[in-house]
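I have placed the structure first, in the form of structure tokens, so that the comments after it can refer back to it.
Protein chains: 2
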Amino acid sequence: MDIINNLNWRYATKKFDTTRKVSSTDLEILKEAVRLSASSFGLQPYKVINVESKEVREKLRAASYGQPQVTEASNLFVFCAYLDLTSEHIDNYIKLIAETRNIDPQELKGFSDSMKNTFSNNTSEQNHVWAAHQPYIALGNLLNTCAMMNIDACPMGGIDPDKYDEILGLSKQGLRAEMIATIGYRSEEDVTGHWAKVRKPVSELFETI
Amino acid sequence: MDIINNLNWRYATKKFDTTRKVSSTDLEILKEAVRLSASSFGLQPYKVINVESKEVREKLRAASYGQPQVTEASNLFVFCAYLDLTSEHIDNYIKLIAETRNIDPQELKGFSDSMKNTFSNNTSEQNHVWAAHQPYIALGNLLNTCAMMNIDACPMGGIDPDKYDEILGLSKQGLRAEMIATIGYRSEEDVTGHWAKVRKPVSELFETI
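Chains U and G, in that order, are what the protein sequence lines are. Counted the way the working numbering counts, the first sequence spans residues 96 to 304. Counted the way the working numbering counts, the second sequence spans residues 96 to 304.
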């Protein structure tokens, strides 16, 4: 089964081949896969910063406990979730649905009201916790898509969100960095690439009732 | 591009064909895809309840605002995150690494200590928030894998975790239900399957710097 072979092939790449770049065609496919990811209500409450600037990546590496993949991978995606869910987010989303499906926004009033109710009854912190789950779905989708294309990736949670904010100006956009994905091609020198994959057995991870 | 075509093909299925079951071979592939998902530190701080029991699924439907997919889909996975991360989780993980890679657990002491430090410096609530991100990566991986296999799925966050706990006895295992995935085959009668997919344009979701 190709899917499982590809998922076994992937691993959290520690050392990338600095001479290899992901092609712009492949990069567009990865971005499209992220874009097509599911999210709660379909709201996509996040933004992805695609950091091409070498200078910025140097700064982000320092804000990521010096992890080398941040500068050595071909590409770096910073997944940022919205700090709160406001009426404006919902109004924009309703507008997007109405335009995409060519319907009257008034027909969506019930859906709009129910979302507004949900989020206005929560604290900002609760809305942020909710929002922060959603880019992880996109991350899972991205990692899977990379594997299917035999592109390497390393997702990393070990970042300093405050420093990321200083460098990328996130909070003024209402965003917070949640985690990053470094993307590229493994170096043959990465010894960790040859280590056996460690996963709980199905019998432990799953319980059937 | 097949991957993108498949991701466009998928949608949050509202009405499943109740006559069609996912084969046991395919179900094992889906479980394996979940199992192979990445997680922070590799800790896989979650468990998936695969609910086969019709009776339990009826109860869970009532605890999911009556959403019909809970009983009508071929399969139901309940993703549950651990409420805290304890030394025991880490010791078990270190044991698993040592066994899988045939190395002395003592060689992993530095890694073990750094994880224990991280989690013991957090509150339980912080550890739970961290743990709860991880099954979303697996969910993204599952949804992507389903799409590649032309199996339908609907991820659902609209569940009552307290009622899920009562029905499934989760908190006594140190778990909390985060979200569910219903899996099967779309019904031709599902009008929502013909609606245009609504997603932010790449230019809005991504920012390149």
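Glycine included, every Cβ here is placed at the ideal spot set by N, Cα and C.
| message | If you measure between the beta carbons of T287 (chain G) and A168 (chain G), is that distance less than 7 Å? | response | The residue given as residue 287 (chain G) occupies position 192 in the second sequence. The residue given as residue 168 (chain G) occupies position 73 in the second sequence. No Cβ-Cβ contact shorter than 7 Å links T287 (chain G) with A168 (chain G).
| field | Partner residues on chain G for E127 (chain U), Cβ-Cβ distance less than 8 Å | value | In the first sequence, counting from the first residue as 1, residue 127 (chain U) sits at position 32. Simply I99, L102, V297.
| said: Let me confirm a value: H289 (chain U) is counted as buried when at least 16 other C-beta atoms fall within 10 Å, else exposed. Which label applies? | reply: Residue numbering aside, residue 289 (chain U) sits at position 194 when the first sequence is read from its first letter. Burial call: exposed.
| Taking the C-alpha atoms as reference points, what is the distance between N170 (chain G) and V146 (chain G)? | Your numbering for residue 170 (chain G) matches position 75 in the second sequence. Your numbering for residue 146 (chain G) matches position 51 in the second sequence. The C-alpha of V146 (chain G) is placed about 7 Å away from the C-alpha of N170 (chain G).
| task | Output the distance between the C-alpha atoms of I124 (chain G) and P250 (chain G), rounded to the nearest integer angstrom. | result | Within the second sequence, residue 124 (chain G) is the residue found at index 29, counting from 1. Within the second sequence, residue 250 (chain G) is the residue found at index 155, counting from 1. Whole-angstrom Cα-Cα distance: 18 Å.
| said: Once DSSP output is grouped into helix, strand and coil, what is the label at V224 (chain G)? | reply: Locating residue 224 (chain G) in the second sequence gives position 129, where the first residue counts as 1. Helix.
| task | Could you pull the start and end residues of the alpha helix (DSSP H) that A128 (chain G) belongs to? | result | Start at 1 with the first residue of the second sequence, and residue 128 (chain G) comes out as number 33. Its alpha helix (DSSP H) spans residues 119–130.
| said: Is it buried or exposed, S119 (chain G), if we count other Cβ atoms within 10 angstroms and call 16 or more buried? | reply: As a first step, residue 119 (chain G) must be located in the second sequence, where it is residue number 24. Label assigned to S119 (chain G): exposed.
| Distance, S134 (chain G) Cα to A242 (chain U) Cα | Residue mapping note: residue 242 (chain U) aligns to position 147 of the first sequence, counting from 1. Residue mapping note: residue 134 (chain G) aligns to position 39 of the second sequence, counting from 1. Cα to Cα, A242 (chain U) sits roughly 15 Å from S134 (chain G).
| task | Give the single residue among G:S215, G:R196, G:I304, G:E202 whose Cα lies nearest to the Cα of A291 (chain U). | result | Stepping through the first sequence from its first residue, residue 291 (chain U) is reached at position 196. The option with the nearest alpha carbon to A291 (chain U) is G:R196.
| query | Taking the alpha-carbon positions, what's the E127 (chain G) to S215 (chain G) distance? | reply | As a first step, residue 127 (chain G) must be located in the second sequence, where it is residue number 32. As a first step, residue 215 (chain G) must be located in the second sequence, where it is residue number 120. So the two alpha carbons sit approximately 31 Å from each other.
| request: State whether the segment 108–115 of chain U contacts the segment 245–261 of chain G, with contact taken as three or more CB pairs (one from each stretch) at a distance under 8 Å. | output: For the pair of segments examined, the segment 108–115 of chain U was found not to touch the segment 245–261 of chain G: the number of CB pairs separated by less than 8 Å stays below three.
| said: Does chain G have any CB closer than 7 Å to the CB of N212 (chain U)? | reply: Numbered from 1 along the first sequence, position 117 holds the residue referred to as residue 212 (chain U). Not closer than 7 Å to any Cβ of chain G, the Cβ of N212 (chain U) fails to qualify, so no.
| query | Taking Cβ-Cβ distances shorter than 9 Å, what residues in chain U pair up with P140 (chain G)? | reply | The residue labelled residue 140 (chain G) in the question sits at position 45 within the second sequence. Neighbours of P140 (chain G) on chain U: none; closest Cβ ~10 Å, over 9 Å.
| For M274 (chain U), which of U:A193, U:K211, U:L203, U:C175 has the nearest alpha-carbon? | Locating residue 274 (chain U) in the first sequence gives position 179, where the first residue counts as 1. Residue U:C175 is the option with its Cα nearest to M274 (chain U).
| When we look at the beta-carbon of I198 (chain G) and count the other beta-carbons within 10 Å, is it buried (16 or more) or exposed? | Numbered from 1 along the second sequence, position 103 holds the residue referred to as residue 198 (chain G). Exposed, by the Cβ-count rule.
| request: Output the distance between the C-alpha atoms of Y188 (chain G) and G264 (chain U), rounded to the nearest integer angstrom. | output: Position 93 of the second sequence, counted from the first residue, corresponds to residue 188 (chain G). Position 169 of the first sequence, counted from the first residue, corresponds to residue 264 (chain U). If I take the Cα positions, the gap works out to 37 Å.
| When you compare each of U:I185, U:L238, U:D260 to S132 (chain G) by their alpha carbons, which one comes out closest? | Against the second sequence, residue 132 (chain G) aligns to sequence position 37. Comparing Cα-Cα distances from S132 (chain G) to each of U:I185, U:L238, U:D260, the minimum goes to U:L238.
| query | Out of G:I99, G:T181, G:I232, G:H223, which has the shortest C-alpha to C-alpha gap to S207 (chain G)? | reply | Looking up residue 207 (chain G) in the second sequence gives position 112. Closest option to S207 (chain G), Cα to Cα, is G:T181.
| query | Taking only beta-carbon atoms, is T181 (chain G) less than 7 Å away from chain U? | reply | Here residue 181 (chain G) corresponds to residue number 86 of the second sequence, with the count starting at 1. With 7 Å as the cut-off, T181 (chain G) does not count as an interface residue toward chain U.
| request: State yes or no: is the beta carbon of L234 (chain U) nearer than 7 Å to at least one beta carbon in chain G? | output: Reading the first sequence from its first residue, position 139 is the one you call residue 234 (chain U). At a cut-off of 7 Å between C-beta atoms, L234 (chain U) counts as an interface residue with respect to chain G.
| query | Which residues mark the beginning and the end of the beta strand (DSSP E) in which N100 (chain U) is found? | reply | Stepping through the first sequence from its first residue, residue 100 (chain U) is reached at position 5. Here N100 (chain U) belongs to no beta strand (DSSP E); instead the alpha helix (DSSP H) covers 97–104.
| Relative to the C-alpha of Y141 (chain U), which residue among U:V224, U:Y280, U:I262, U:G279 is closest? | Within the first sequence, residue 141 (chain U) is the residue found at index 46, counting from 1. When only C-alpha atoms are compared, the closest one is U:V224.
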